[in-house]
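Numbering (this note's numbering), first residue to last: 329 to 437. All C-beta atoms, glycine included, are put in the ideal place defined by N, C-alpha and C. The structure appears right after this line, and notes come after that.
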């Protein structure tokens, strides 16, 4: 398989968590590089317990909005189009909301 990564630039964590919850509720599992703990391949330098403490504010800003979507090679073009529609719908719904309800980051194994 492979993956597709995209940014939700400058979205606050609560909005990203709501987006992830909405997507998983519609069957699309996503991983977020900005989560407190890594999931799957989303580890980032603060998670690396063996490395010394570092400060990389520009990198942090990007990682805070970076989302990963795993794409099995068995997906058809129609599957990819359906996923794209779901992600667009959720991005518009959550991105345009004045406020979002507090939700936990969905834990996907």
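| Asked | Found |
| --- | --- |
| For residue 388, three-class secondary structure by DSSP | helix |
| For residue 424, the first and last residue of its enclosing alpha helix (DSSP H) | Segment: none, residue 424 is in no alpha helix (DSSP H) and carries neither H nor E. |
| Contact test: residue 356 Cβ vs the ligand NAP heavy atom, cutoff 6 Å | The ligand NAP is not part of this structure, which contains no ligands at all. |
| Beta-carbon proximity check, residue 391 vs residue 353, cutoff 7 Å | no |
| Rounded straight-line distance, which links the Cα of residue 397 to that of residue 360 | 9 Å |
| Check whether residue 337 and residue 393 have beta carbons under 7 Å apart | yes |
| Beta-carbon proximity of residue 356 to residue 395, cut-off 7 Å | no |
| Residue interval of the alpha helix (DSSP H) (run including residue 345) | 341-353 |
| Candidates 401, 367, 347: closest to residue 418 by CA position | 347 |
| CB of residue 368 within 7 Å of CB of residue 358, strictly | no |
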